[in-house]
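Heads up: the structure comes next, in structure tokens.
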Amino acid sequence: GTENGLVRFNGKSFEAVEGVSAEVGAIFGAPDNSMYVGAKNTVYRIENNTVVSKQELDADVVEITSDDTGKIWLATVKTCFYLENGKFERMQRFDFEATSCMTAFGDRQVFAACDKALLMLHGKRPRWSTLMPHMCNAPRGIRTLASDSLGYVWAGTDNGVYLYDGKKEWIT
Numbered sequence: 093g094t095e096n097g098l099v100r101f102n103g104k105s106f107e108a109v110e111g112v113s114a115e116v117g118a119i120f121g122a123p124d125n126s127m128y129v130g131a132k133n134t135v136y137r138i139e140n141n142t143v144v145s146k147q148e149l150d151a152d153v154v155e156i157t158s159d160d161t162g163k164i165w166l167a168t169v170k171t172c173f174y175l176e177n178g179k180f181e182r183m184q185r186f187d188f189e190a191t192s193c194m195t196a197f198g199d200r201q202v203f204a205a206c207d208k209a210l211l212m213l214h215g216k217r218p219r220w221s222t223l224m225p226h227m228c229n230a231p232r233g234i235r236t237l238a239s240d241s242l243g244y245v246w247a248g249t250d251n252g253v254y255l256y257d258g259k260k261e262w263i264t
């Protein structure tokens, strides 16, 4: 992804993928060999190097990921979405704007980050909870998130890497 759209390497050089000409913020390779590309406020589904669908959203796309069940999640700077029957459905707005990244694991275990806090989606009627910055060693300036099979959330920040134990403690 580039500032001018999506390109692919054909074995010799890079060539533009028709239909995606806006700045690309996220790329996700789906299990069915298709790709989802977030370019500005639009998400594109690409199959065999061809755009097969697109959907406009409420703000710029920052992350596309999946959980352990294969459910695909998408974050804009304002809202979380999940893929249902080929369309991204709005889950819930974030407590803070300017979301920078998101990770998912398990079944509906979703974390999102912004400069001020780490957010966690939970409950039978899922809603966001803020893991407050006053928590022990809570990082600021989270730039990227990842999760592992043990349920730990890894946060890459302006000040290094932090590990969240899924309960209440940050480990540096």
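First residue of the sequence shown: 93, per my numbering; consecutive thereafter. Glycine residues also receive a C-beta, built at the ideal position from the N, C-alpha and C atoms.
Simplified DSSP assignment, three categories, for residue i
i, result
"residue 209", "coil"
"residue 234", "strand"
"residue 247", "strand"
"residue 182", "strand"
"residue 98", "coil"
"residue 192", "coil"
"residue 118", "strand"
"residue 105", "coil"
"residue 130", "strand"
"residue 221", "strand"
Between the CA atoms of residue j and residue i - distance to the nearest angstrom
i, j, result
"residue 104", "residue 93", "17 Å"
"residue 126", "residue 251", "35 Å"
"residue 174", "residue 162", "11 Å"
"residue 203", "residue 209", "10 Å"
"residue 120", "residue 158", "9 Å"
"residue 221", "residue 130", "25 Å"
"residue 148", "residue 178", "13 Å"
"residue 137", "residue 235", "25 Å"
"residue 97", "residue 154", "15 Å"
"residue 107", "residue 146", "20 Å"
"residue 219", "residue 182", "12 Å"
"residue 180", "residue 201", "17 Å"
"residue 113", "residue 176", "26 Å"
Residues near residue i in its chain [Cβ-Cβ closer than 6 Å; skip 5 each side]
i, result
"residue 253", "none"
"residue 111", "143"
Option nearest residue i by Cα separation, candidates the options
i, options, result
"residue 205", "249, 107, 128, 96", "249"
"residue 237", "128, 141, 96, 212", "212"
"residue 243", "145, 160, 135", "160"
"residue 165", "95, 145, 193", "193"
"residue 241", "233, 257, 235", "257"
"residue 124", "139, 150, 217, 115", "139"
"residue 70", "95, 128, 122", "Only positions 93 to 264 of the chain appear in this structure, which leaves residue 70 out of reach."
Run of the beta strand (DSSP E) containing residue i, from where it starts to where it stops
i, result
"residue 154", "153 to 158"
"residue 144", "142 to 148"
"residue 171", "171 to 176"
"residue 255", "252 to 256"
"residue 168", "164 to 168"
Close Cβ partners of residue i (< 8 Å) along its chain, the five nearest in sequence each way excluded
i, result
"residue 141", "100, 109"
"residue 152", "117, 130, 132, 133, 168, 169"
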